[in-house]
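Chains Y and B, in that order, are what the protein sequence lines are.
Its first residue numbered 5, the first sequence is counted upward by one per residue in the numbering used here.
Its first residue numbered 401, the second sequence is counted upward by one per residue in the numbering used here.
Report on the following structure.
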Amino acid sequence: MQESPAYIVSNARGESIVAGRIGERMALRWRLVGLLLVVSVSVALPYLVTRDSTNSAMKARTWVAHTAEVKSVVYRVLFHVRDMEAAVYSSINDFGDAKFMQFRLQNDAREVPDLLNNLRNLTVDNSSQQVRIGSFEAVVRGRMKLLAEAADFARKGDVKRAYAALSDGQKMFHFRRLGADIVQTEEQLMTERSASATERTHRLHFVQAVTTAAQLVLLFIVVVVSERQISRRLLAERETREAVARAQSIVQAVREPIAVLDDELCTVSVNAAFVELYGHDPAREGSRHLSEVGEGAWSDKALLQRLTDVMARSRELWDFDLEQTTQDGVDRHVVINARQMELPERTHAVLLLTVSDVSARRMAEEQVFELNRQLEGKIEQISDVNRELEAFSYSVSHDLRAPLRHIAGFSDKLARHLGDSADERSAHYLDIIGDAARRMASLIDDLLVYSRLGRGAMRMQSVDMQSLAEEARSLTTSNIGERDIEWRIQPLPVVVGDENMLRTVWQNLIGNAVKYTGQREHAIIEITAERSSRGDYLFSVKDNGAGFDMRFVNKLFGVFQRLHKTSEFTGSGIGLANVRRIVARHGGRTWAEGEPDKGATFHFSLPASASADAQS
Amino acid sequence: MNKKELRTILLAEDSPADAEMAIDALREAKLANPVVHVEDGVEALDFLNSTGRFEGDPKPLPAVVLLDIKMPRMDGLEVLKHLRSDEKLKRVPVVILSSSREESDLARSWDLGVNAYVVKPVDVRQFFDAVQTLGQFWAVLNEAPESDD
């Protein structure tokens with residue numbers, strides 16, 4: 005369960021993450037190569053330098069030993085020759101045994117050739133020393149020969165000749181200087197070699213110092229780079245942990261159930277909403293096949309088949325409608341969406357399944373559907389009523405006016421038929437009959453107009469209220485003769501409405517204002533328009549005419565309702581009823597204020613967007 | 401057709417009172433044209449087609465047909481429709497003379513090709529004036545084309 009958010013997030017950016025990892029691996033490989041190179045250089049360079057240095061030191065020591073050995077051999081040769089001379093002298097002077105002398109001579113003579121061979125071998129690489137050693141050897145051998153002669157003379161007791169031979173040997177073969185030359189040359193060579201060895205040592209010290217410095221620099225670089233790498237890795241790990249935690253929180257907080265299924269449709273991970281609705285958490289209970297989750301909530305075969313198809317053919321499942329009973333015992337209408345996705349740590353693709361609970365929406369839709377059905381019923385009823393009204397109006401138009409025409413027509417014919425024979429009373433009665441018929445016809449016409457205003461279709465268009473008001477004023481004032489009327493007409497707006505209907509409104513309101521100021525010497529009629537905070541237009545027609553008592557204000561807009569006597573002001577009382585009906589059909593409102601003998605103000609409003617009445 | 405023979409005025413009106421008033425008005429206008437009164441649409445077509453009770457007595461086409469709308473059997477608008485769809489009768493002037501000022505009646509009449517639509521005034525004088533004006537205009541002033549027969 006805890007793993008699921010990470011899966012989902014990493015999958016959402018799967019491709020870029022895979023690409024990133026390949027890049028990281030390459031960089032790591034290069035870093036490793038660099039590091040090995042640095043380590044090799046740091047280890048190999050000192051080794052090479054040290055090895056060279058050690059070889060030089062060993063050589064130097066060898067040369068010192070060599071010089072010492074040469075010196076030793078030279079001195080031993082000298083010693084043996086001297087010893088031989090001493091033995092001869094001892095024998096001559098008679099304080100030595102001849103046999104002992106012979107023993108010493110033989111011993112020394114046996115040693116010297118080996119030593120000379122040894123000396124030659126030691127200096128075999130030096131030709132000048134070989135030359136010196138050759139001379140040295142000749143001198144030594146010459147002196148040894150004379151010594152042997154001296155010994156013979158001594159043994160024979162010829163002391164004089166023995167001395168002479170010894171003396172000749174010492175005079176003719178000076179070997180001390182030659183030996184000293186050899187030794188000196190060897191020492192000279194040793195000094196030179198020591199100096200060379202010292203110089204080389206110095207050079208090696210320098211190289212060692214440089215190598216050490218380079219090692220230090222390289223190690224410093226390695227340490228710094230490693231430190232940076234470690235810091236970056238730690239930072240990346242922290243960011244990854246945070247991203248995982250964030251994604252986890254988001255997925256857990258999502259109210260819609262989410263599940264990740266494997267290719268066998270068994271649960272891999274789910275979010276909290278899923279656990280809450282279906283009571284299954286693979287993190288605690290282990291994976292389970294979807295059909296076994298939520299006590300049959302997921303047993304729909306069609307859905308399972310579709311999900312299998314999604315896995316098998318890499319398809320997506322869009323908005324699959326499903327009705328299921330969830331763990332809380334509620335019947336829900338849900339919509340299922342599913343798609344395949346890859347997870348970096350899994351070899352097989354998985355299925356991401358999301359569940360949207362649309363029960364409330366479905367219920368609302370059903371309610372809307374039901375309300376619509378009811379509304380359609382009401383509309384049908386209204387249409388029926390309208391049709392009946394139309395039939396009624398049609399009948400009134402055709403049938404009700406004919407008898408009135410006949411009453412009026414034949415009363416007129418009767419009057420003419422009677423001619424002068426009719427008395428005054430009969431003529432009066434016939435007049436009344438005719439007038440009544442005409443008045444009734446007029447009322448019927450008014451009623452039909454009123455009825456039509458409520459039924460007829462509205463033709464909505466832009467209407468210039470200024471023009472309509474001016475037109476109504478011209479029409480009204482054209483047949484009233486000389487009147488002193490002060491018109492105060494403010495600028496009026498353009499609105500959206502039925503022009504003919506709005507024309508009727510202005511004609512009625514302005515006509516009324518003119519009519520009811522008929523008894524004023526100086527009439528004032530004021531027409532204004534303003535806009536409310538909601539954007540509605542408010543129009544007013546104010547006059548200083550007869551006014552009315554506010555107690556009867558509710559009757560003003562009724563059909564055939566009049567607040568004044570016909571003898572004072574003519575009219576049927578249908579005008580304001582028409583005004584109210586027209587304004588109402590435009591979605592507006594009508595009202596009035598007045599005071600007897602002071603005047604009246606009639607207001608009407610039109611909504612900001614004068615929406616057309618749906619009725620036709 | 402004999403040109404000197406005066407064309408009739410055909411009045412289709414189911415109301416006897418209206419018919420009487422209309423005939424009185426036409427008589428008062430001193431028009432020489434004979435007025436033929438029929439009481440419904442079927443009779444009007446019979447007269448125009450010389451069928452039914454007018455069979456065997458062919459008459460020239462009328463100068464004008466004054467048609468009421470609401471009549472028994474066949475109303476005025478149906479008669480108008482027949483006339484306008486009949487090749488022989490389509491040019492006959494037709495005036496609707498009705499009590500109705502209903503928008504639907506007006507629109508339908510004009511759509512079907514009526515020549516005039518007059519609402520019968522309740523006032524008797526206005527009624528007489530209207531009928532007399534119609535009679536004089538259509539029977540005297542108006543020039544109708546020669547019919548095909």
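Heads up, the beta-carbon is just placed ideally off N, CA and C, and yes, glycines get one too.
Asked                                                                                                                                                    : Found
For leucine 466 of chain B, the three-state DSSP class (helix, strand or coil)                                                                           : strand
From Y/Glu486, Y/Arg456, Y/Ala166, residue whose alpha carbon lies closest to that of glutamine 523 of chain Y                                           : Y/Glu486
8 angstroms Cβ cutoff, glycine 413 of chain Y in contact with chain B                                                                                    : yes
Whole-number beta carbon distance between valine 435 of chain B and phenylalanine 447 of chain B, since they are thought to touch under 8 angstroms      : Incorrect: roughly 12 angstroms between the Cβ atoms, too far for contact.
Cut-off 6 angstroms between Cβ atoms - residues of its own chain near threonine 521 of chain Y, not counting five sequence neighbours on either side     : Ala527, Asp547, Gly549
Of the listed residues Y/Ser360, Y/Phe104, Y/Ile529, nearest to glutamate 490 of chain Y (C-alpha basis)                                                 : Y/Ile529
Boundaries (first-last residue) of the alpha helix (DSSP H) holding arginine 622 of chain Y                                                              : The structure shown has nothing for residue 622 of chain Y, since chain Y only spans 5 to 620.
Residue nearest to glycine 515 of chain Y in terms of C-alpha spacing, selected from Y/Asn558, Y/Met464, Y/Leu580, Y/Val227                              : Y/Leu580
is_contact[aspartate 523 of chain B, chain Y] using C-beta, thresh 8 angstroms                                                                           : yes
Contact with chain Y by serine 415 of chain B, beta-carbon distance below 8 angstroms                                                                    : yes
Cβ shell of leucine 415 of chain Y (< 6 angstroms), same chain only, five flanking positions each side left out                                          : One detail in the question is off: residue 415 of chain Y reads as serine in this sequence, not leucine. Cβ within range, chain order: Leu434, Ile437, Gly438.
Span of the alpha helix (DSSP H), counted from its first residue to its last, around asparagine 582 of chain Y                                           : 579 to 589
Close Cβ partners of asparagine 111 of chain Y (< 6 angstroms) along its chain, the five nearest in sequence each way excluded                           : none
Beta-carbon neighbours of serine 509 of chain B, restricted to chain Y and to distances below 8 angstroms                                                : What serine 509 of chain B touches in chain Y: nothing, since even the nearest Cβ is about 14 angstroms away.
Within chain B, partners of alanine 445 of chain Y - CB distance below 9 angstroms                                                                       : Pro521, Val522, Asp523
Threonine 574 of chain Y versus aspartate 450 of chain Y - alpha carbon distance                                                                         : 14 angstroms
Methionine 345 of chain Y - containing beta strand (DSSP E), residue span                                                                                : 335 to 345
Limits of the alpha helix (DSSP H) - the one that lysine 546 of chain Y falls within                                                                     : Premise fails: lysine 546 of chain Y lies in the beta strand (DSSP E), 541 to 547, not in any alpha helix (DSSP H).
Contacts around valine 226 of chain Y, its chain only, beta-carbon distance under 7 angstroms, and the 5 residues preceding and following it disregarded : Leu39, Val42
Contact set for glutamate 89 of chain Y: own chain, Cβ-Cβ below 7 angstroms, skip 5 residues either direction                                            : Leu151, Leu170
Beta-carbon separation (whole angstroms), lysine 520 of chain B vs arginine 409 of chain Y, contact threshold 8 angstroms                                : 6 angstroms
Residues sharing a beta bridge with glutamate 534 of chain Y, DSSP                                                                                       : Y/Leu542
Any 3 or more C-beta pairs closer than 8 angstroms across the stretch 479 to 492 of chain B and the stretch 375 to 389 of chain Y                        : no
Sufficient close CB pairs (3 or more, under 8 angstroms) joining the stretch 227 to 247 of chain Y to the stretch 313 to 325 of chain Y                  : no
The alpha helix (DSSP H) enclosing arginine 593 of chain Y, as first and last residue numbers                                                            : Looking at the DSSP string, arginine 593 of chain Y is not in any alpha helix (DSSP H); the run it does join, the beta strand (DSSP E), is 593 to 599.
Three-way DSSP call (helix, strand, coil) for histidine 639 of chain Y in this model                                                                     : Since the first residue of chain Y shown is 5 and the last is 620, residue 639 of chain Y is not available in this structure.
Three-way DSSP call (helix, strand, coil) for aspartate 318 of chain Y in this model                                                                     : According to the sequence shown, residue 318 of chain Y is serine rather than aspartate. If DSSP states are grouped into helix, strand and coil, serine 318 of chain Y belongs with coil.
Aspartate 502 of chain Y in three-state terms, based on DSSP                                                                                             : strand
Cutoff 8 angstroms: methionine 421 of chain B Cβ touching any chain Y Cβ                                                                                 : yes
Selection from Y/Thr205, Y/Leu182, Y/Arg145 that minimises the alpha carbon distance to threonine 58 of chain Y                                          : Y/Thr205
Beta-carbon neighbours of lysine 470 of chain B, restricted to chain Y and to distances below 7 angstroms                                                : His402
Minimum Cβ-Cβ distance from glutamate 503 of chain B to chain Y less than 8 angstroms                                                                    : yes
Interface positions of the stretch 454 to 469 of chain Y facing chain B (Cβ-Cβ less than 8 angstroms), listed along the chain                            : Arg456, Gly460
Proline 286 of chain Y beta carbon less than 8 angstroms from that of asparagine 275 of chain Y                                                          : no
Within-8 angstroms CB hit, aspartate 446 of chain B to chain Y                                                                                           : no
Under 8 angstroms from the C-beta of aspartate 418 of chain B: neighbouring residues of chain C                                                          : Absent from the structure is chain C; the protein chains it does hold are Y and B.
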